[in-house]
Amino acid sequence: MAVHFSVDRRYLVLNYIMVKGSDAMSARVSRLAIMLFGLPFSPLSAADISKLIADHIRAPDENVGLLITPNIQHIALMRTNEEFRRACEQAEILTCDGFPLYYYGRCRGLPLPGRVTGREITEDLMSMPSALRKHRIFAVVDSERTGKAVVEWARAHGLDDRFSFYVPAVGFENDPTEARHLARLIRDHATSLLFMGVGAPRSELFVSRYKDDLPPCWALCIGQSLIVALGLLPKPPVLVQRLNLEWLWRIALEPRRLAKRYVWALSEFLIALFKDLSRVG
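With the sequence shown counted from 1, adding 70 to any position gets you the working numbering.
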């Protein structure tokens with residue numbers, strides 16, 4: 071049975087289609103949603119998205135279903151990298167990972183479901199290994215250490231015969247030979263669920279550039295979420311999560327790598343915010 075839910079307001083577009091049955095939900099649920107920074111954000115919760123991905127094997131005519139979970143760095147990159155913006159515009163599911171995005175949307179009166187982080191989606195999927203047995207899973211990871219950890223997780227849950235991983239060379243997204251090699255590995259594995267765990271903008275640019283070479287699959291650009299879910303990077307304490315201070319936690323863990331990046335991202339995000347306000351106001 072299909073339920074169609076449509077709401078027309080200024081600054082809001084919803085075309086929410088949910089199909090319940092053997093596949094639980096149709097993958098077509100998420101293309102048009104809540105407009106923010108000129109992008110269509112999904113009205114679905116992390117649990118809904120995880121169930122949709124776990125239950126739905128994409129058909130050949132559906133191609134790649136790209137999921138991106140923007141934070142302020144993504145919004146900053148969209149201001150300075152037009153190709154990255156186009157990749158985000160092509161995403162089938164966009165969620166508000168960063169709390170500044172979420173609170174800005176709430177201040178705009180938009181009915182966002184809450185913060186929906188890549189870590190939540192990743193952890194939800196990993197908590198339902200039996201549902202993942204219908205998938206063929208491929209993980210693009212940052213290191214052999216991460217690869218070995220995710221292989222151990224797959225083996226422990228009886229998924230090792232349906233799982234593969236690859237550690238691409240640094241700068242792979244700009245190396246056609248390496249990128250095509252990776253796309254071929256993903257295709258030859260008959261991948262239906264792809265974890266891109268090498269961060270923005272590399273993950274998003276690779277999927278966008280080589281989507282025609284990839285099999286019909288869910289492609290989840292989830293940054294360090296896989297590393298955290300595997301316990302290789304400490305998870306923020308509950309109080310830090312409740313106060314929405316995960317960004318400060320990450321800076322404390324990697325100050326040299328992240329401090330300047332966050333200062334730059336925040337300044338670019340504020341510029342983007344004021345431009346978005348001028349566009350809708």
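By construction, the Cβ of each residue, glycine as well, lies at the ideal position given by its N, Cα and C atoms.
Fair warning: this is a prediction, and the values are worked out from it, not measured in the lab.
Applying the 10 Å Cβ sphere with the 16-neighbour rule, what's the burial state of residue i?
i	result
GLY91	The predicted position of GLY91 is uncertain, since its pLDDT is 39 and thus under 50; a value taken from the coordinates is nonetheless stated next. So GLY91 ends up on the exposed side.
VAL333	exposed
VAL240	exposed
ASP93	Note on ASP93: pLDDT 43, under 50, position unreliable in the model; the coordinate value appears next. Exposed is the call here.
PHE344	exposed
THR150	exposed
SER348	exposed
ALA97	For ALA97, the predicted structure reports a pLDDT of 41, less than 50, and the residue's modelled location is therefore unreliable. The matter cannot be settled from this model.
ASP212	buried
CYS177	exposed
VAL308	exposed
ILE341	exposed
PRO306	buried
LEU275	buried
VAL350	exposed
GLU316	buried
SER337	exposed
ALA146	buried
GLY179	exposed
THR247	exposed
ARG155	buried
Cutting at 6 Å between CB atoms, please list the residues of its own chain near residue i, excluding the five before and the five after it.
i	result
ASN141	ASP167, GLY168
PHE233	ILE207, ALA224
ASP45	As displayed, the chain neither begins before 71 nor continues past 351, which places residue 45 out of reach and without an answer.
ASP346	PHE107
VAL354	Since the displayed the chain opens at 71 and closes at 351, residue 354 lies outside it and no answer follows.
Could you tell me whether the Cβ atoms of residue i and residue j are closer together than 8 Å?
i	j	result
ALA219	LEU300	yes
PRO285	PRO183	no
ARG279	ALA249	yes
HIS227	LEU263	no
ALA270	GLY135	no
ILE104	THR192	no
LEU296	PHE265	yes
Taking only three categories from DSSP, how would you classify residue i?
i	result
PRO183	coil
SER76	Caution applies to SER76, whose pLDDT of 32 falls short of 50 and renders its modelled position unreliable; the model cannot decide the point.
LEU340	helix
ILE361	The structure shown does not extend to residue 361, since the chain is modelled only from 71 through 351, so no value can be given for it.
ILE297	helix
LEU164	strand
LEU114	coil
LEU136	strand
LEU328	helix
LEU347	helix
LEU309	helix
LEU171	helix
ILE145	helix
ALA119	The identity of residue 119 in the sequence shown is Ile, whereas the question assumes Ala. Note: ILE119 maps to helix in three-state DSSP.
LEU303	coil
ILE104	strand
LEU318	helix
For residue i, which residues in the same chain have their Cβ closer than 7 Å to its Cβ, ignoring the five residues on either side in sequence?
i	result
HIS272	The residue asked about is misnamed: residue 272 is Arg in this sequence, not His. Closer than 7 Å at the Cβ level, and outside the excluded window around ARG272, lie GLU243.
PRO130	PRO286
ARG257	ASP283, LEU284, PRO285
PRO170	ILE142, PHE339
ALA260	ARG206, PRO285
GLN160	LEU136, SER278
Given residue i, which residues of its chain have a CB within under 8 Å of its CB, disregarding the five upstream and five downstream residues?
i	result
SER115	PRO183, GLY184, VAL186
ASP245	ALA239
GLY217	ALA209, VAL211, PHE235, TYR236, VAL237
Counting only beta-carbon separations shorter than 8 Å, does residue i have a partner in chain B?
i	result
ARG128	Of the protein chains in the structure, only one exists, and it is not chain B.
Would you say residue i touches the ligand SAH, meaning its beta carbon is less than 7 Å from a heavy atom?
i	result
HIS251	Of ligands this structure carries none, so the ligand SAH is not represented either.
Subject >> Whole alpha helix (DSSP H) elements within the region 242 to 289, 4-residue minimum >> reply: 246 to 258, 272 to 280
Subject >> Completely contained beta strand (DSSP E) runs for the region 190 to 239, where each covers 3 or more residues >> reply: 207 to 210, 233 to 236
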